[in-house]
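Numbering (the working numbering), first residue to last: 4 to 253.
Okay, here's the thing in structure tokens:
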């Protein structure tokens, strides 16, 4: 009897450990109604081209107006210069509200992002033109908040970071071959990140203090990087830009 009890305890312990080690999805799937053809056709047919609207800026929020000056409500369509669909997004009371979806010219998705009252709020996913996820995470009141993941073009994890109120708090990094980067480490908003290219060569280092970039310690190939490159690759609040995707595409 004792042997049976011991065996039962061991089995339960083994199952429990296995359950704890299971990989749980960190990011729930974004339910995109445009993935349903009938919903997509309906949204597209009702959408106004952005050139038909007046676009203004009110306290750093983009506002979409009808030609008579009233707030626009409904779907908005943006096209590439050759006429191909670039994005569809929903507007309520003149402000981005709900889902924004962007596409590459080849038809693959570029970005899915949720908005609320003109601010980025909720999950987002950004893809490469080949259909590989580049990054995903969350915004709250237009600030990154919670876990953010980045991926290499081969689909392997590049980094996992956690943001609090728009500032980076923790960071883990990996090389393209899947090995961890022991040098990269951020804790409580302070530390260093080493960025790698797709071949595994280090491109540049980046230091953080209290969740923000320490520009004085920013270096590339053991020399200081120019302010022009800083401005190109990072937003004004010190966060990495959306993988260098122009903001108008997001």
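Note that beta-carbon positions come from the ideal geometry of N, C-alpha and C, so glycine has one too.
List the DSSP bridge partners of residue 64. Along the chain shown, one-based indexing puts residue 64 at 61. The partner list for residue 64 (beta bridge, DSSP) reads 61.
Out of 48, 115, 80, 179, which has the shortest C-alpha to C-alpha gap to residue 142? By 1-based counting over the chain shown, the position of residue 142 is 139. Of 48, 115, 80, 179, the residue nearest in Cα terms is 115.
When you compare the CB positions of residue 39 and residue 126, do they come within less than 8 angstroms of one another, or not? For the purposes of this step, residue 39 is identified with residue 36 of the chain shown, where counting begins at 1. For the purposes of this step, residue 126 is identified with residue 123 of the chain shown, where counting begins at 1. The answer is no: Cβ separation not under 8 angstroms.
Per-residue burial, residue 98 [other beta carbons within 10 Å of its own, 16 or more giving buried]: If you number the chain shown from 1, residue 98 lands on position 95. Under this definition residue 98 is a buried residue.
Kindly list the residues whose CB is nearer than 8 angstroms to the CB of residue 57, restricted to its own chain and excluding five residues on each side of it in sequence; keep chain order. If you number the chain shown from 1, residue 57 lands on position 54. Result list for residue 57: 67, 68, 69, 70, 72, in chain order.
For residue 191, tell me which candidate among 182, 164, 54, 123 has the shortest Cα-Cα distance. Reading the chain shown from its first residue, position 188 is the one you call residue 191. Cα-wise, what sits closest to residue 191 is 164.
On a Cα-Cα basis, can you pick out the residue from 182, 50, 48, 149 that is closest to residue 159? Within the chain shown, the letter at position 156 stands for residue 159. Closest by alpha carbon: 182.
On the DSSP letters alone, give me the boundaries of the alpha helix (DSSP H) that residue 43 sits inside. For the purposes of this step, residue 43 is taken as the residue at position 40 of the chain shown. Residue 43 -> alpha helix (DSSP H) spans 40-49.
Give me the Cα-Cα distance between residue 174 and residue 44, rounded to the nearest whole angstrom. The count along the chain shown starts at 1 and reaches residue 174 at position 171. The count along the chain shown starts at 1 and reaches residue 44 at position 41. For residue 174 and residue 44, the distance between alpha carbons rounds to 41 angstroms.
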